[in-house]
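J.: Can you read through this structure? Questions will come right after.
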Amino acid sequence: MELFDIIILTFLSFLIGYISVIFGIGGGLFNVPILVFFFNIPIPQAVAASLVSVAALSAMSVMSKIRHGFVNIRVASLLEPFSIFGMLIGVFLVAIVKENNIRIIFTILSFIMATNMLIKTFHSRKKDVKIIRTKNTFYGEYRDQGLGKTIKYNPKNIMISSPFSFLAGLLSALVGIGGGIVLVPIMNFLCRMPIKASVATSNFILFVSSACGAFSYMIKGFIIYDIAGAMVLGSMTGAYFGMKMLVKIKPKIIQVLFAVLMYIISIKFLTSVVGN
Amino acid sequence: MTDKNLRKIINIILRFGIIAIYVLLILGFIFNSKFLFFGIFVLLILAVIKIIAQGIGFFEAKKQKFALLSVLSLIIFVAQVIIFGIFKL
Numbered sequence: 053m054e055l056f057d058i059i060i061l062t063f064l065s066f067l068i069g070y071i072s073v074i075f076g077i078g079g080g081l082f083n084v085p086i087l088v089f090f091f092n093i094p095i096p097q098a099v100a101a102s103l104v105s106v107a108a109l110s111a112m113s114v115m116s117k118i119r120h121g122f123v124n125i126r127v128a129s130l131l132e133p134f135s136i137f138g139m140l141i142g143v144f145l146v147a148i149v150k151e152n153n154i155r156i157i158f159t160i161l162s163f164i165m166a167t168n169m170l171i172k173t174f175h176s177r178k179k180d181v182k183i184i185r186t187k188n189t190f191y192g193e194y195r196d197q198g199l200g201k202t203i204k205y206n207p208k209n210i211m212i213s214s215p216f217s218f219l220a221g222l223l224s225a226l227v228g229i230g231g232g233i234v235l236v237p238i239m240n241f242l243c244r245m246p247i248k249a250s251v252a253t254s255n256f257i258l259f260v261s262s263a264c265g266a267f268s269y270m271i272k273g274f275i276i277y278d279i280a281g282a283m284v285l286g287s288m289t290g291a292y293f294g295m296k297m298l299v300k301i302k303p304k305i306i307q308v309l310f311a312v313l314m315y316i317i318s319i320k321f322l323t324s325v326v327g328n
Numbered sequence: 060m061t062d063k064n065l066r067k068i069i070n071i072i073l074r075f076g077i078i079a080i081y082v083l084l085i086l087g088f089i090f091n092s093k094f095l096f097f098g099i100f101v102l103l104i105l106a107v108i109k110i111i112a113q114g115i116g117f118f119e120a121k122k123q124k125f126a127l128l129s130v131l132s133l134i135i136f137v138a139q140v141i142i143f144g145i146f147k148l
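Read top to bottom, the protein sequences are chains A and B.
Take my numbering: the last position of the first sequence gets the number 328, and nothing is skipped along the way.
Take my numbering: the last position of the second sequence gets the number 148, and nothing is skipped along the way.
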């Protein structure tokens, strides 16, 4: 890869890292299309580089979330093995599944992600704060600076959500996304965790599972080091500045733009599937 | 060990790991692509260390159930490396 391409890729990864931290996602849904369509990288190598970048970005963003106490480590340690196991199966399957099928999965995921983002923008949940009388095993609390109060919560249905954690790991390995697209809504709606805790805990889980997937791709020789290195540098730096902006930004317009971009990516993948 | 202390330890590990990754990647782009490999390798090792710290924290706090889950994560992680590395699947 030329030096100019590396610089462009680092800059694009910076933007992805910046945006991803604001939305609490891993950035894989952007990484793979950029590598495939702009840099003509084959899908397995793009997925591998994306997983390395997702792991780096999650490590960076989870750091401040741990410090603020958003991460529920007990919930994470229960769901983590399922996610890693899903990743193990996914990396195994990637050699069997045809590239076109991966593109179809990607089309569907981008479409769901965009719709989810639009719904979140116009129907934000405000019932996050509840009075807790008894603490269960997974009880968690954190100080919400925005609301100016301590949020206490008792997560529920953790065992029921474990298959979804497996699914998140599986999807991560197949298409190179973080898997937050599956875990965050599950934790928020099924486990009744506040959105900030859901995003942070999902990041914590996906840091490990994406690193695990990246390890397997590394052993299989799929990682192109200069591409992965440029993406890690860009996305980690972007995540750092994104975290600084997180408290100041008014997200509605960006959320709509993000959704439109995801629909465009979805259509682009769909046309490439039809073209093949 | 309380959950708060556990969070502190994991945070420190992540912080040092991230500095190491930055240094190695920048060295990699300037001098030698081998540093790029090590930079990415440190990132992956960071995940393993994080699971171990998490397991030790739970073990010390006598939360055996969670300590076992962390060990299980580590076993799957190592199994994955063995399966793909040694058996070349």
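Here a beta-carbon is modelled for each residue, glycine too, at the ideal position from N, C-alpha and C.
Tell me, which residues are paired with Ile-203 (chain A) by DSSP?
T.: According to DSSP, which records beta bridges pairwise, Ile-203 (chain A) is partnered with A:Tyr-194.
J.: Could you list which residues in chain B have their beta carbon closer than 9 Å to that of Asp-196 (chain A), in chain order?
T.: Within 9 Å Cβ-Cβ: nothing; Asp-196 (chain A) doesn't reach chain B, min ~17 Å.
J.: Go ahead and pull the three-state DSSP assignment for Gly-273 (chain A).
T.: Gly-273 (chain A) falls in the coil class under three-state DSSP.
J.: Return the CA-CA distance between Arg-244 (chain A) and Ser-250 (chain A), expressed in angstroms with no decimal places.
T.: Distance between the alpha carbons of Arg-244 (chain A) and Ser-250 (chain A) is about 9 Å.
J.: Listed in chain order, which residues of the stretch 71-95 of chain B have Cβ atoms closer than 8 Å to some Cβ of chain A?
T.: Listed by position, the residues of the stretch 71-95 of chain B near chain A (Cβ gap below 8 Å) are Leu-73, Arg-74, Gly-76, Ile-77, Ile-80, Tyr-81, Leu-84, Ile-85, Gly-87, Phe-88, Ser-92 and Leu-95.
J.: Under 8 Å between beta-carbons, which chain B residues line up against Gly-121 (chain A)? List them in chain order, please.
T.: Those are Lys-63 and Arg-66, listed as they occur along chain B.
J.: At which residue ranges does the stretch 74-118 of chain B contain complete beta strand (DSSP E) runs of 3 or more residues, listed in the order of the chain?
T.: Taking only runs of at least 3 residues, no beta strand (DSSP E) segment lies wholly in the stretch 74-118 of chain B.
J.: Look at the Cβ atom of Ala-220 (chain A), then the Cβ atom of Ser-135 (chain A), and state whether they are nearer than 9 Å.
T.: Yes.
J.: Any chance the CB of Ser-102 (chain A) is under 8 Å from a heavy atom of the ligand NAP?
T.: Ligands are entirely absent from the displayed structure, and the ligand NAP is therefore not among its contents.
J.: Quick one: Cα of Val-236 (chain A) to Cα of Leu-130 (chain A), how far?
T.: Going from the Cα of Val-236 (chain A) to the Cα of Leu-130 (chain A) covers about 15 Å.
J.: What are the boundary residues of the alpha helix (DSSP H) that includes Ser-129 (chain A)?
T.: Where Ser-129 (chain A) is concerned, the enclosing alpha helix (DSSP H) stretches over 125-146.
J.: Quick check: the stretch 75-93 of chain B against the stretch 102-114 of chain B, are at least 3 beta-carbon pairs closer than 8 Å?
T.: Touching, yes, given that three or more Cβ pairs across the two stretches are closer than 8 Å.
J.: Using C-beta distances below 6 Å, list every residue in its chain close to Ile-110 (chain B), excluding the 5 sequence neighbours before and after it, in chain order.
T.: For Ile-110 (chain B), where only same-chain residues beyond five positions count, the Cβ hits under 6 Å are Ser-129, Ser-132 and Leu-133.
J.: Does the beta carbon of Lys-121 (chain B) come closer than 9 Å to any beta carbon on chain A?
T.: No, because no Cβ of chain A sits closer than 9 Å to the Cβ of Lys-121 (chain B).
J.: Can you give the beta carbon distance from Gly-142 (chain A) to Ala-225 (chain A), rounded, assuming they're within the 8 Å contact cut?
T.: About 2 Å separates the two Cβ atoms, so the contact holds.
J.: Tell me the residue span of the alpha helix (DSSP H) that contains Asp-83 (chain A).
T.: Residue identity differs from the one stated: residue 83 (chain A) is Asn in this sequence, not Asp. Note, Asn-83 (chain A): alpha helix (DSSP H), 80-85.
J.: So which residues on chain A does Phe-118 (chain B) lean against when the C-beta distance must stay under 9 Å?
T.: The premise fails here: Phe-118 (chain B) is roughly 12 Å from chain A at the closest Cβ pair, so nothing lies under 9 Å.
J.: When you compare the CB positions of Gly-80 (chain A) and Ser-261 (chain A), do they come within less than 9 Å of one another, or not?
T.: Cβ atoms of Gly-80 (chain A) and Ser-261 (chain A): not closer than 9 Å.
J.: In whole angstroms, what separates the C-alpha of Phe-144 (chain A) from that of Ala-128 (chain A)?
T.: So the two alpha carbons sit approximately 24 Å from each other.
J.: Grab me the residues of Ile-108 (chain B)'s own chain with a C-beta within less than 6 Å of its C-beta, minus the 5 sequence neighbours each way, in chain order.
T.: Correct list, in chain order: Ile-72.
J.: DSSP on Ser-213 (chain A), reduced to helix/strand/coil?
T.: In this structure, Ser-213 (chain A) counts as coil in the three-state DSSP scheme.
J.: Can you name the residues of chain B whose CB is closer than 8 Å to the CB of Asp-57 (chain A)?
T.: Result: empty, since nearest Cβ-Cβ is about 13 Å, beyond 8 Å.
J.: For Ile-115 (chain B), go through chain A and note every residue whose CB falls closer than 8 Å to its CB, in chain order.
T.: Chain A residues near Ile-115 (chain B): none, gap ~12 Å exceeds 8 Å.
J.: Taking just the CA atoms, how far does Phe-63 (chain A) sit from Phe-56 (chain A)?
T.: For Phe-56 (chain A) and Phe-63 (chain A), the distance between alpha carbons rounds to 11 Å.
J.: Helix, strand or coil: which one does DSSP assign to Glu-151 (chain A)?
T.: Reduced to three states, the DSSP call for Glu-151 (chain A) is helix.
J.: Would you say Ile-111 (chain B) reaches chain A, if we count a Cβ-Cβ gap shorter than 9 Å as a contact?
T.: False, the Cβ-Cβ gap to chain A never drops below 9 Å.
J.: The alpha helix (DSSP H) spanning Pro-237 (chain A) covers which residue range?
T.: Per DSSP, Pro-237 (chain A) belongs to the alpha helix (DSSP H) from 232-237.
J.: State the Cα-Cα distance for the pair Leu-61 (chain A) and Ile-171 (chain A), rounded to the nearest angstrom.
T.: Going from the Cα of Leu-61 (chain A) to the Cα of Ile-171 (chain A) covers about 31 Å.
J.: What is the DSSP secondary structure of Lys-208 (chain A), counted as helix, strand or coil?
T.: Reduced to three states, the DSSP call for Lys-208 (chain A) is coil.
J.: Closer than 8 Å, Cβ to any Cβ of chain B: which residues of the stretch 129-141 of chain A, in chain order?
T.: Listed by position along the chain: Ser-129, Leu-130, Glu-132, Pro-133, Ile-136, Phe-137, Met-139 and Leu-140.
J.: Please check if any C-beta of chain B sits within less than 9 Å of the C-beta of Cys-243 (chain A).
T.: Chain B, which has no Cβ nearer than 9 Å to the Cβ of Cys-243 (chain A), makes this no.
J.: Using a Cβ-Cβ cut-off of 7 Å (strictly less than) and excluding sequence neighbours within five positions of Gly-290 (chain A), which residues of its own chain qualify?
T.: Taken in chain order, the residues that qualify are Ser-65, Phe-66, Leu-67, Ile-68, Gly-69 and Tyr-70.
J.: Does the stretch 265-282 of chain A come close enough to the stretch 133-143 of chain B that 3 or more CB-CB pairs lie under 8 Å?
T.: Yes: the two stretches touch, three or more of their Cβ pairs being nearer than 8 Å.
J.: Going by the CB atoms, is the gap between Gly-294 (chain A) and Ser-110 (chain A) shorter than 9 Å?
T.: Against a cut-off of 9 Å, the Cβ pair of Gly-294 (chain A) and Ser-110 (chain A) comes out as no contact.
J.: Between Arg-126 (chain A) and chain B, is the shortest Cβ-Cβ distance under 9 Å, so that the two count as touching?
T.: Yes - at least one Cβ of chain B is within 9 Å of the one on Arg-126 (chain A).
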